[in-house]
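*Asks:* Numbering (the numbering used here), first residue to last: 33 to 467.
For reference, the structure I am asking about is given below.
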Ligand SMILES: Cc1cc2nc3c(=O)[nH]c(=O)nc-3n(C[C@H](O)[C@H](O)[C@H](O)COP(=O)(O)OP(=O)(O)OC[C@H]3O[C@@H](n4cnc5c(N)ncnc54)[C@H](O)[C@@H]3O)c2cc1C
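Written out as structure tokens, the structure reads:
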């Protein structure tokens, strides 16, 4: 057995994407119609959504490099829904509004597909659907989910029995699965860079290494946004800073729990990978603390899971994710781990995205799109569309999001509570698994 070895270097995505030269930081004093803070998926989708609606004068300010946060480091699953589960969505919003809200993410999945084609974004998209594999020997788990999706969201996820699944994913770990045909997976960093290029081609000015330090409201109703090197006077400001936003807008930061989650990629496994996982789907399982994985085009296995409120070194990440992988695929004992990395999600207490506009205080009028949690690829596109519609004056924000405001998370207690809840859920999963 070879010991797990991680390159301390960047994520697999950083190692395989061509970023090109950095965009120049903001310098000097300028005016803008819209200033967007943060070039993750939420900020990028807002910028491109505005361009597509004919809005000009957009400036996007990014503290590091494009999609250097969760958006360029995630599992690459593109599917409907939110971090908040479907059953809770129905319970909280009622059947009609929940269906509309879920439907926004389905439209977003279609839009992401459309943009990949329309802007010729080479992001290794694999239209293979997603498999929700049942970790428990209990069909009721899948029955419930399938019924919920069919009855409340009008979505049909196909049932796959144990034997059929074992031909698609060669392991004895699962008792069956649901197949979500509309899902796909991609190289998230290449996608983000493609969206950034499309936005720039549409006139957006994009500045990297331009951390926003302060936002203030001016007497004429506009906002002044300051970085270390320059200032912008803008009619609209959109905060899309994800889990790394610090020291800019306390009301937004207090409403978010930055929580880490982890991914690794094996060495290229050659024909062995397809023999083990003939399915082209993105795969995850029915536990609360689930594994997720998918085949990469260069025959590596990308594997993710776990959450923590603490920072972990790549060696630690590789060690615990490798142990998870071996529980499902023991034959990968000798597979080397080439990359292991983490990323910060931003979670709201209610687990729904916070897409809205500050309606009080010194910064009333500032738009925000944050709190996408671990299920954010489609919802960030929902946010981009909703904000672009609202800012361009076409349609107010969807009602459903008003309900999910900037609820305070009471850090650090909120973080400790989130970690404790996760461990409790892990214990429950283990107990159910043994039953
Ligand atoms: C490891 C991991 C795996 C995941 N897997 C999946 C998955 O498979 N499918 C899925 O749907 N979701 C997944 N998610 C969740 C998804 O990636 C996130 O919900 C989504 O990317 C959040 O996008 P964002 O734009 O809100 O935040 P981010 O991507 O974090 O972007 C915020 C940006 O704002 C910048 N910024 C912060 N502060 C400032 C400032 N002061 N000035 C300027 N810029 C600033 C940051 O540098 C960053 O680039 C995963 C997340 C992680 C971490």
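All C-beta atoms in this analysis are idealised placements derived from N, C-alpha and C, irrespective of residue type, glycine included.
By the three-class DSSP mapping on this structure, what secondary structure does residue 340 have?
*Replies:* Of the three classes helix, strand and coil, the one that applies to residue 340 here is strand, per DSSP.
*Asks:* Do the region 61–74 and the region 259–271 meet, that is, are 3 or more Cβ pairs less than 8 Å apart?
*Replies:* The region 61–74 is in contact with the region 259–271.
*Asks:* Going along the chain, which residues of its own chain have a beta-carbon closer than 6 Å to the beta-carbon of residue 338, five neighbours each way excluded?
*Replies:* Result list for residue 338: 294, in chain order.
*Asks:* Any chance the CB of residue 121 is under 8 Å from a heavy atom of ligand 2?
*Replies:* Annotation note on ligand 2: not contained in the displayed structure, which lists ligand 1 as its ligands.
*Asks:* Measure the C-alpha to C-alpha separation of residue 97 and residue 54 and round it to an integer number of angstroms.
*Replies:* Taking the straight line from one Cα to the other gives about 7 Å.
*Asks:* For residue 459, I'd like the list of residues in its chain whose CB is within less than 6 Å of its CB, leaving aside the five on either flank, ordered along the chain.
*Replies:* Contacts found: none.
*Asks:* Which value, in whole angstroms, describes the spacing of the CA atoms of residue 246 and residue 271?
*Replies:* Those two C-alpha atoms are separated by around 11 Å.
*Asks:* Give the C-beta separation of residue 423 and residue 399 to the nearest angstrom, bearing in mind that I take them to be a contact with Cβ-Cβ under 8 Å.
*Replies:* At roughly 7 Å, the Cβ-Cβ gap stays under 8 Å, so residue 423 and residue 399 are in contact.
*Asks:* Tell me which residues share the same chain as residue 148 and place their Cβ nearer than 8 Å to its Cβ, disregarding the 5 neighbours each side in the sequence.
*Replies:* If we look at residue 148 and ignore the five residues flanking it on each side, its Cβ neighbours are 155, 157, 218, 223 and 226.
*Asks:* Ignore the nearest five residues each way along the sequence and tell me which others in residue 47's own chain have a CB closer than 6 Å to its CB.
*Replies:* Excluding positions up to five away in sequence, the list is empty.
*Asks:* On a CA-only basis, which of 441, 117 and 126 is nearest residue 284? Give me that one, please.
*Replies:* Nearest option by C-alpha distance: 441.
*Asks:* Out of 367, 355 and 288, state which residue places its alpha-carbon closest to the alpha-carbon of residue 302.
*Replies:* For the residues 367, 355 and 288, the minimum Cα distance to residue 302 belongs to 367.
*Asks:* Can you name the start and end residues of the alpha helix (DSSP H) that residue 133 belongs to?
*Replies:* Counting along the chain, the alpha helix (DSSP H) containing residue 133 begins and ends at 127–150.
*Asks:* So residue 210 is in the beta strand (DSSP E); what residue range does that whole segment cover?
*Replies:* 209–212 is the span of the beta strand (DSSP E), which, as asked, contains residue 210.
*Asks:* With three or more beta-carbon pairs closer than 8 Å as the criterion, would you say the region 230–248 touches the region 67–84?
*Replies:* Because the criterion of three Cβ pairs below 8 Å is met, the region 230–248 and the region 67–84 touch.
*Asks:* Counting pairs of Cβ atoms below 8 Å between the region 317–324 and the region 159–170, do you hit three or more?
*Replies:* Touching, per the Cβ criterion.
*Asks:* Out of curiosity, what's the CA-to-CA distance linking residue 90 and residue 308?
*Replies:* Approximately 47 Å between the Cα atoms of the pair.
*Asks:* Could you compute how far the alpha carbon of residue 344 sits from the alpha carbon of residue 426?
*Replies:* Each residue's alpha carbon lies about 45 Å from the other.
*Asks:* Considering only heavy atoms of ligand 1, does any lie closer than 8 Å to the CB of residue 98?
*Replies:* Because some heavy atom of ligand 1 lies under 8 Å away, the Cβ of residue 98 counts as near it: yes.
*Asks:* How long is the line joining the alpha carbons of residue 239 and residue 94, rounded to whole angstroms?
*Replies:* C-alpha separation (whole angstroms): 6 Å.
*Asks:* With DSSP as the reference, please indicate the residues paired to residue 164 in a beta bridge.
*Replies:* In the DSSP output, where bridge partners are listed per residue, residue 164 has 210 and 316.
*Asks:* Is it true that the region 120–132 meets the region 253–263, where meeting means three or more beta-carbon pairs spaced less than 8 Å apart?
*Replies:* No, because fewer than three Cβ pairs between the region 120–132 and the region 253–263 fall closer than 8 Å, the two stretches do not touch.
*Asks:* Could you check what DSSP says for residue 93 in three-state terms: helix, strand or coil?
*Replies:* Looking at residue 93 - three-state DSSP - the assignment turns out to be strand.
*Asks:* Hey, would you say residue 443 sits closer than 9 Å to residue 333, going by beta carbons?
*Replies:* No, Cβ-Cβ distance for residue 443 and residue 333 is not below 9 Å.
*Asks:* Which value, in whole angstroms, describes the spacing of the CA atoms of residue 313 and residue 235?
*Replies:* Going from the Cα of residue 313 to the Cα of residue 235 covers about 36 Å.
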